[in-house]
Amino acid sequence: MDELISLRELAAYLGVPESTVYSWRCNGSMPIPGVRIGRRVMFRREDVKAWLDTAFANCIS
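Laid out in structure tokens, this is it:
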């Protein structure tokens with residue numbers, strides 16, 4: 013089973029406010045799929061890592 017992290021954990025990991033992650037989700041600028049489980053939005057840790065790896069690779073190239 014893939015490890016899931018909450019929106020709050022994702023925001024803390026990225027060092028941004030939770031409101032920023034909510035905004036990214038609402039305006040479609042966040043390419044990571046999230047799933048709602050009850051009242052929480054959860055993300056697969058491997059999807060977060062892949063997104064960051066791609067972002068850093070594009071930044072360096």
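Taking the numbering used here, the leading residue of the sequence shown gets 13, the next gets one more, and so forth. No residue lacks a Cβ here, since even glycine has one placed at the ideal position from N, Cα and C. Every value quoted in this text rests on a predicted model; they were computed, and no experiment measured them.
Item, Value
"Where does Ser41 fall in DSSP's three states?", "coil"
"Nearest-angstrom Cα distance between Tyr34 and Glu21?", "13 Å"
"Between which two residues does the alpha helix (DSSP H) carrying Val47 extend?", "Careful: Val47 lies outside any alpha helix (DSSP H), inside the beta strand (DSSP E) at 46-49."
"For Val28, does the three-state DSSP call read helix, strand or coil?", "coil"
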